[in-house]
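Only one structure is covered here, and it is reproduced in the block below.
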Amino acid sequence: MRVLVIGAGGQIGQALVPALQARGDTLLATDIRPLSYETDTVLLDVRDTEALRKLLHQWKPQEVYHLAAFLSARSEEQPRLGWEVNFAATWSVFELCLEARVERVFWPSSIAAFGPHTPKHHTPQYPPMDPTGLYGIAKLAGERLAEYFFRRYGLDVRSVRFPGVVGPGHLPSGGTTDFAVHMFYAAAEKGTYTVYLESDTTLPMLYIDDAVRAILQLMEAPAERITVRSSYNIQGLSFSPAQLEAEIRKKLPTFRCAYVPDFRQELARSWPESIEDTPARRDWGWQPQYDLPALCEAMWQSVPLRS
Ligand code: NAD
Ligand code: AKB
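Laid out in structure tokens, this is it:
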């Protein structure tokens, strides 16, 4: 399989690229900045339509994984750029993939596409969606665009609404769920951490290995099994900052958090606490493997502890 990964330098890209390589794919990675790991790379701004067109026609990928994004907090700081990267560039990617006869496209949405009127618990696949943040607005528009490109042009776009992704080796930035990675590193390095959310803000989360498995399973499923052409709900686990703090304390008993909420609290409170994911389980066999103790155990295998 010839594959192009756009936005390969981020939290999900740096875990997905080795998984695609392990599958035997011939891969080209692109990002706007140099990657922190070794792989064949072309530097490219996804908003540069002509450069992307040229690359697609030269590389001729069968699959494209479009991961370039401005996450939720960063999109609040620079809303126009957030729209350009998260929505306008996604339009170009879909259009150019169609033109270059790409067989399958993966593009992730987010739990940020939900909003204050979305049911908070066991959020169904098709609830009311009224995102308040620019990132969520762009994700919801992107979901509609994905379905439109499939129905109107037959472009095989596949998508999941990722919860907050937690994994080692990459300190995420610009998101609202970043605390769940940062807390491990701060606990190991300093023994304290200041959380920018209220302690009881429960959010859906997903361990990185589950996230990568979801992408691979969805992309490998036969097209006729895919009944959701906007974006599939997937649930991993749910926890609040206080629950994560308590779990970390089992390893580091003196660890303490302070809670100083900022603007990200409003975004987090508008998102669901848990997700109902029957269509993903039924259509392509989604089944998460990590609960909170398993996630923490996996993180402690990689996060260096102070001696
Ligand atoms: P990230 O912020 O870690 O990585 C995004 C990458 O996009 C970065 O390497 C960045 O350099 C690149 N990028 C930004 N602007 C670009 C541009 N103009 N041109 C080319 N590249 C550009 O994000 P991630 O966590 O790896 O997320 C990947 C995808 O998954 C995104 O669509 C994101 O919205 C989605 N998602 C992530 C999470 C999560 O918790 N990580 C949750 C829900 C959805
Ligand atoms: C963010 O917090 O912005 C992302 C997401 C949930 O999409 N991690």
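Numbers given in the working numbering equal positions in the sequence shown, counted from 1, plus 65. Ideal Cβ placement from N, Cα and C applies to all residues, glycine included. Note that the structure is a prediction, hence the values are computed from the model and not measured.
Exercise. Would you say S175 touches the ligand NAD, meaning its beta carbon is less than 8 angstroms from a heavy atom?
Worked result: Here residue 175 is taken as the residue at index 110 of the sequence shown, counted from 1. Because some heavy atom of the ligand NAD lies under 8 angstroms away, the Cβ of S175 counts as near it: yes.
For this session: Examine the ligand NAD and report whether any of its heavy atoms sits within less than 8 angstroms of the Cβ of K119.
Result: In the sequence shown, the residue the question calls residue 119 occupies position 54. Incorrect: K119 has no Cβ contact closer than 8 angstroms to the ligand NAD.
For this session: Note down the Cα distance separating Y272 from L109, rounded to an integer number of angstroms.
Result: Looking up residue 272 in the sequence shown gives position 207. Looking up residue 109 in the sequence shown gives position 44. Taking the straight line from one Cα to the other gives about 28 angstroms.
Exercise. Just to confirm, does D243 get its C-beta within under 8 angstroms of one of the non-hydrogen atoms of the ligand SAM?
Worked result: Annotation note on the ligand SAM: not contained in the displayed structure, which lists the ligand NAD and the ligand AKB as its ligands.
Exercise. Is it true that the CB of C361 sits closer than 9 angstroms to the CB of V260?
Worked result: Residue 260 sits at position 195 when you count from the first residue of the sequence shown. Residue 361 sits at position 296 when you count from the first residue of the sequence shown. Against a cut-off of 9 angstroms, the Cβ pair of C361 and V260 comes out as no contact.
Exercise. Where Q127 and R166 are concerned, what is the direct C-alpha to C-alpha distance, given to the nearest angstrom?
Worked result: The residue given as residue 127 occupies position 62 in the sequence shown. The residue given as residue 166 occupies position 101 in the sequence shown. Spanning the two alpha carbons is a distance of roughly 8 angstroms.
Exercise. Do S157 and L199 have their C-beta atoms closer together than 9 angstroms?
Worked result: The residue labelled residue 157 in the question sits at position 92 within the sequence shown. The residue labelled residue 199 in the question sits at position 134 within the sequence shown. No. Outside cutoff.
Exercise. Shortest alpha-carbon distance to T257 belongs to which of D274, L268, Y324?
Worked result: Mapped onto the sequence shown, residue 257 falls at position 192. Checked all of D274, L268, Y324; the closest Cα to T257 is Y324.
Problem set entry | Contacts around V150, its chain only, beta-carbon distance under 8 angstroms, and the 5 residues preceding and following it disregarded | Numbered from its first residue, the sequence shown carries residue 150 at position 85. Cβ within range, chain order: V111, R112, A133, A134, F135.
For this session: In the DSSP assignment, find the alpha helix (DSSP H) that holds H122 and state where it starts and stops.
Result: Within the sequence shown, residue 122 is the residue found at index 57, counting from 1. Its alpha helix (DSSP H) spans residues 114-124.
Exercise. What's the C-alpha gap between T241 and P189?
Worked result: Counting from 1 along the sequence shown, the entry for residue 241 is found at position 176. Counting from 1 along the sequence shown, the entry for residue 189 is found at position 124. Computed Cα separation, rounded: 22 angstroms.
Exercise. Below 9 angstroms between beta carbons: does that hold for G234 and A80?
Worked result: Taking the sequence shown and counting its residues from 1, one reaches residue 234 at position 169. Taking the sequence shown and counting its residues from 1, one reaches residue 80 at position 15. Yes, they are a contact pair.
For this session: Report whether the distance from the Cβ of L69 to the nearest heavy atom of the ligand AKB is below 8 angstroms.
Result: Within the sequence shown, the letter at position 4 stands for residue 69. Incorrect: L69 has no Cβ contact closer than 8 angstroms to the ligand AKB.
Exercise. If you drop the 5 nearest sequence neighbours on each side, which residues of the same chain put their C-beta closer than 6 angstroms to that of A345?
Worked result: Here residue 345 refers to the residue found at position 280 of the sequence shown. Excluding sequence neighbours, A345 sits near Y297, I299, W351.
Problem set entry | Range covered by the beta strand (DSSP E) that runs through M270 | Taking the first residue of the sequence shown as position 1, residue 270 is located at position 205. Note, M270: beta strand (DSSP E), 268-272.
Exercise. Taking three-plus beta-carbon pairs below 8 angstroms as touching, is the segment 217-226 in contact with the segment 276-296?
Worked result: yes
Problem set entry | Whether P337 touches P269 by CB criterion (9 angstroms) | The residue you call residue 337 lines up with position 272 of the sequence shown. The residue you call residue 269 lines up with position 204 of the sequence shown. Cβ distance < 9 angstroms, so P337 and P269 count as in contact.
Exercise. Got a sec: does the ligand NAD put a non-hydrogen atom nearer than 8 angstroms to the Cβ of R112?
Worked result: Your numbering for residue 112 matches position 47 in the sequence shown. Yes, the Cβ of R112 comes within 8 angstroms of a heavy atom of the ligand NAD.
Exercise. Are the beta-carbon atoms belonging to F304 and L357 less than 9 angstroms from one another?
Worked result: Taking the first residue of the sequence shown as position 1, residue 304 is located at position 239. Taking the first residue of the sequence shown as position 1, residue 357 is located at position 292. Closer than 9 angstroms, so yes.
Exercise. Taking all protein chains shown into account, do 16 or more other C-beta atoms lie within 10 angstroms of the C-beta of A87, making it buried, or fewer, making it exposed?
Worked result: By 1-based counting over the sequence shown, the position of residue 87 is 22. Flag for A87 reads exposed.
For this session: Measure how close the beta-carbons of I340 and I97 come, nearest whole angstrom, since I'm counting them as under 8 angstroms.
Result: For the purposes of this step, residue 340 is taken as residue 275 along the sequence shown, with counting starting at 1. For the purposes of this step, residue 97 is taken as residue 32 along the sequence shown, with counting starting at 1. Not quite, the Cβ-Cβ distance comes to about 30 angstroms (not below 8 angstroms), so this is no contact.
Problem set entry | Option in A307, F152, T343, S101 with minimal Cα separation from A206 | Counted from its first residue, the sequence shown places residue 206 at position 141. It is F152.
Problem set entry | Rounded separation between V246 and P326 - CA only | Taking the sequence shown and counting its residues from 1, one reaches residue 246 at position 181. Taking the sequence shown and counting its residues from 1, one reaches residue 326 at position 261. About 17 angstroms.
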